[in-house]
Every structure is written in structure tokens, then in C-alpha cells.
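Position one of the sequence shown corresponds to residue 1363 (my numbering), numbered consecutively onward. Each residue gets a CB set at the ideal place from its N, CA and C atoms; glycine is no exception. Keep in mind the model is a prediction, meaning the values are calculated, not measured. In what follows, a structure is listed as C-alpha cells, so that the remarks can point back to it.
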Amino acid sequence: MEADGSYRRGVELHRQGRPVEAVRAFFRALALAPDFVPALTDLAALMHQMGQTTLALACLRRALRRGPFRADDLVSLASMLHWSGRTAEALAAIERLLAVEPTHGRGLLDHAMLSLPVMASDIAEAERAVAQFDSRLARLCGPAAAGCLTTAWGQSLPFYAAYRQGNQRPRLQAYGRLVSSSMAACFPTPAGPPPPRSRRRLAIVSNHLRRHSIWDVLLHGLLIHIDRSRFEVVLLNTMALADGETERARGLCERFHSCLTFESAMEALAGERPDIIYYPEIGMDAVTARLAGLRLAPLQTAGWGHPLTSGLPEIDLFFSGEQMEGPDAQDHYSERLVRLPGTGAFTVMPPVAALPLDGPDWPGDPRRIDIALCQNPYKFDPAHDHLYAELAAALPDSRFWMLFEPSRLDLYRILHRRLQTAFQDRGQDLERRMAWRPWLPRPQFMTFLQRSSFALDCPGFSGYTTAWQALHCGLPLVTWEGPQMRQKMAAGLLREIGETDTIAQSATDYLAIAVRLAGEADKDRRRQRLRAAIGATDNRLEVVRAFEQAISL
């Protein structure tokens, strides 16, 4: 069958990391056999990875109409719908699955995890979602779900709990206990301690050994500066995507393991028998999340790449920064909190030369206040939408610049509707006051920051990397510091460089600081001061030494 041959060619091309050619092969198969279900489902997965979610959903829905019932296709459909901000449709797909297979492990897990929306449409939905998540998580702890979930852990994660307000430790501890008990019952862990060695073996497990904020902020500097006379470093890379930074990482460790599956990572760790495991983040990657639910080394630690407690009893330490934690912060973590110096970051600013922006319609008009909004859409909590509208009213000569990721347009449409309501309620025209532009490559992004008047940090979830880049460009930043670490990241960075007058403690304060910056007479002086100060936060050896001390105890 010619269609089958084209399909198999597409599978092989995808395996070889040639996605564009794989797409062509799948399309050839479907041109010959439009209802060829394997080609439809594989094309859907590939299109979703490439940011073409609308086409991916169309392929999956066609496969579900034409083929026999397949639970995996409904799981994929639900995942893509949730990714697109269509929470109700995602849950409906999972409920359709559970009606046929009530003990389907991934379906049971998704019924809880997908109840946390990527983007809440309003404050009421955000509050309902947390209550719904708690209720469904409690059901997973019951006897009906026992034994069904072991293979599902990690495939669906409570990632979006971080974007809901409040202390998430109680619910994530409940989740963590469930993961731990289920995983420990099914997977062997090392018998006895690792053998004695002259150096302690540190295994770093990460999905981000590539150009990524976690690499730039938490990993690169650590690997450069860690004391190799005391620590032997091995890296486990759980991501197929590689770039020049991946090759750099290979040169900064004794051994480098490519572990794209949980099983291969378990095999690598069994061979290495590390004394310490460091997960720079727990909560963003399936392989990492499953490994973290097992006791695979005497000391297991997490970093703030995902700035929320793991809730897992197997994680002993959580590394944060003294400038990003309040006095009662230990209550936010199931792990023992380690406050490293400053923000606890090992930052290495990659060399980048700013490049011009295409076209005239960008920040930089001296007659206007250009306000940069550079965060992922789900960081904008509906409780804070009114702030942007109120600031628009207070600064009639201002323009907001929202950078958006084209592959997440569905989410930005939700954000646009929310902001439109907030602006209309305060007599403001969103279309006139806010410009929407696609995300920029890093050289053009640096120019965008340099030409903006100031940036607004999101009160619900602060952006560390954006703040770090903005300050390197001399761009002032307004942030509203909240009680949780994820609301303190930009504030911690500002506090570390001694620039605290743009850290707000209330909504009124946040707006007043923005208005003050807009009218500041000597803007250049502040910019020069910021650029001069931020460099001292990079390559901080005392942070590495404190990390070494913590993992040596």
C-alpha cells in the first residue's frame, strides 16, 4: 500500500529529527488515503509540536471520527485543547474517555490536572478551578484509583498550580505523597548507599541543557564554576532538542547521558549511583517529574526553575535565594528551604548584539511613554487586569506593547477579551492604547527593551529572566512583590542591586511608581545606574560555594 509506505517514511524522518520532511511524508500518505488514522494522529502530534495546534486538532478529530475508539487519541485531543485554553472542551474529552474506560490511568490523572486552566477567563473561573482540582485530587487518593496511575505519573503535571494565587504547598504535598507511594510500589530503588569515592558524584537531570532561561540562569554558571576537585558532575539530558549550548554542556561534565525516556534515565542513574541529584526544576518535564518521585540518591535536591515546591517527600532540599524569600517562607515548601546568596542564580549573560527592529511602528517615539509587557499570557492573572486599564487612564500619552507567541494565539485571545473588558469599564480604548507584536529574536528583543520607557512585571507571577534582561538594557522595571517566591523574583533582583524604589507593596503603589517613572526628568541617569549594577549579579562565585556547602552536609 503506497500510503503505508509514505507513512512509514514519515515516522522514520521524525525519528531522525527531520520534522518538516516528516510532515510532507504524512501529507503524501493522507493524499493517497485521507482516512488513514495512524498518519492523521502522527501528523497531529507533529503539528502540535510545531505550534500548528488548529491543524493538529483538525487531524485528531478526523481520526476520532474515522477510526476505532483509541484512548490515546482522546488524551492527545484533551491535551491540545487544554494547551489552547479550552479547558471545558478538554475535560469533556477526558470524561468521554472515562465513560468507556473508567480505570484509564492517564484519563484519571488528566481529569484532575486539566481542571487547572492555562488561562482563566475571569476571577471566578480561577477560584473554581482550584477547588475543582482539590476535589479531583482527593478522588485520586481513593481506593478506586489505586494501581491505575503508576504509568501515568509525569505525563500530566500540576504545572498551572503555580499561576493560581496563594500557598500551594498543601495541595502539592497531597499530590507528592500520592506520586511517591505509587512509584515506590512499582520501581526498584538502589539498595544501600553509593560506593565510597574521592569526589562526590553529582547528577544533574534536566530538560533544559540548551538555550533556555533555566540554562542561562541556573545551570551554565554552576557548571562553569563548581569545584571539580570535590564534585564529579554527570548530566542527564531528557530533551531531544539540541543546540550549541547542549554541546557546551557536554564539555562541562565528566559524562553526558541522553535520556529521552524514564526507562533510559533510570538505567543511567542505576549505572552512575550518584551521591546527589540536582533537578533544576520539577514540574515542567515528564521524565524529570517521574524520577523525582523515587529515592535514587542519598541526597535529592531541586532548584527554582519552576518556582514552586515539588511536594515530593523524596526531595530533601529546595534551593532559592535569600532576596526572594520572606521570613515565613519555609511554610511554602515540603523540602528544607536553602536560601542561597542573592537570588540564588548562577547567571551567565550570553553575548548578544542588539539588532534594529523592522518597520517604524515600535517603541521609541520621544513624545510617548512606551510600556513593555513581555510575559507569557498565563502569567497575567485576571485579578490584575484592571491595573493596566487604570494606568492607561493615568497616562494618556502612553502606549502598551504586548509581545505574544504566535503559537499560543488562543491564549492571547482570552487575555485580549479580558483586557478589553477592563479597559472599557474605565473608558479606555484597548485597540488604540495597546500594540500587539510577535515575540522577537533575542537581538531584536534587546533593542525593543532599550527603546521602551519602562517594563511592567506581572504581580501574580514575576518574570526573573525578563527582569534580568531588561536591567542589562538599563530598562526600569515596576514590580509588585507578593508573599510567594514566584511573586518576588524581579523584586529580589532589584533588591540585590540596591534599586528598590520600583518595588511596590500594593496596587496603589504599583500604579504610583509607574506614573512616577513616566514623569522622571533624568531617565538616562537611572538607565546608566541599572546597567552598571546588574553585571555584579552574574557569575557570582559565592552562590556556587554556598550550593556546594549545602550538598556537602
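Among Cys1548, Ser1560, Met1481, the one whose alpha carbon lies nearest that of Arg1526: Among Cys1548, Ser1560, Met1481, the Cα nearest to that of Arg1526 is on Met1481.
Buried or exposed: which applies to Asp1637, given that a residue is buried once 16 or more other Cβ atoms fall within 10 Å of its Cβ? Its Cβ being crowded by 16 or more others within 10 Å, Asp1637 is buried.
Which listed residue (Asp1772, Asp1759, Ala1754) has its alpha carbon closest to that of Tyr1740: It is Asp1772.
Once you ignore the five residues that flank Glu1451 on each side, which residues in its own chain have a CB closer than 6 Å to its CB? In chain order, Leu1443 place their CB closer than 6 Å to the CB of Glu1451, counting only its own chain and leaving out the 5 sequence neighbours on each side.
Going by the DSSP bridge assignment, what does Gly1683 pair with across the sheet? The partner list for Gly1683 (beta bridge, DSSP) reads Leu1702.
Which same chain residues end up closer than 8 Å to Asp1787 when comparing Cβ atoms and leaving out the 5 residues on each side of it in sequence? Closer than 8 Å at the Cβ level, and outside the excluded window around Asp1787, lie His1748, Ala1751.
If you follow the beta strand (DSSP E) that Leu1436 is part of, which residue opens it and which one closes it? Premise fails: Leu1436 lies in the alpha helix (DSSP H), 1433-1445, not in any beta strand (DSSP E).
Contact set for Ala1707: own chain, Cβ-Cβ below 6 Å, skip 5 residues either direction: Taken in chain order, the residues that qualify are Val1579.
Pick from Arg1878, Leu1702, Ser1672, Trp1798: whose alpha carbon is nearest that of Glu1858? Of the listed residues, the one whose Cα sits closest to Glu1858 is Leu1702.
So what does DSSP say about Ala1707, is it helix, strand or coil? Coil.
Taking the beta strand (DSSP E) that Ile1639 belongs to, which residues open and close that run? Per DSSP, the continuous beta strand (DSSP E) segment holding Ile1639 begins and ends at 1638-1641.
Residue nearest to Leu1855 in terms of C-alpha spacing, selected from Asp1871, Ala1895, Met1764: Closest in alpha carbon position to Leu1855, among Asp1871, Ala1895, Met1764, is Ala1895.
Check Gln1662 in the structure and name its three-state DSSP category. Three-state DSSP puts Gln1662 in a strand.
Separation of Asn1599 from Leu1564, as counted between CA atoms: Distance between the alpha carbons of Leu1564 and Asn1599: 14 Å.
According to DSSP, is Thr1841 part of a helix, a strand, or is it coil? Three-state result, Thr1841: strand.
Identified DSSP bridge partners for Phe1624: In DSSP, Phe1624 forms no bridge with anything.
Return the bridge partner residues of Asn1599 from the DSSP annotation. Per DSSP, the beta-bridge partners of Asn1599 are Ser1568, Ser1620.
Just verifying my parser: in three-state terms, what is the DSSP assignment at Ile1859? Assignment of Ile1859 by DSSP, reduced to helix, strand and coil, places it in the coil class.
Taking DSSP as the reference, what is the three-state secondary structure of Leu1765? In the structure shown, the three-state DSSP call for Leu1765 is strand.
Among Ala1648, Arg1848, Glu1676, which has the Cα closest to the Cα of Thr1551? Of the candidates Ala1648, Arg1848, Glu1676, Glu1676 places its Cα closest to the Cα of Thr1551.
Could you check if Asp1819 is buried or exposed, using at least 16 other CB atoms within 10 Å of its CB as the buried criterion? By the Cβ neighbour-count rule, Asp1819 is buried, with 16 or more other Cβ atoms within 10 Å of its own.
Any idea what DSSP makes of Phe1816, helix, strand or coil? Phe1816: strand per DSSP, three-state reduction.
Residues in its own chain within less than 6 Å of Gly1667 by CB, not counting five upstream and five downstream? Excluding positions up to five away in sequence, the list reads Ile1576, Leu1580, Pro1642, Glu1643.
Roughly how many angstroms lie between the CA atoms of Thr1650 and Glu1910, to the nearest whole one? Each residue's Cα considered, the two are about 22 Å apart.
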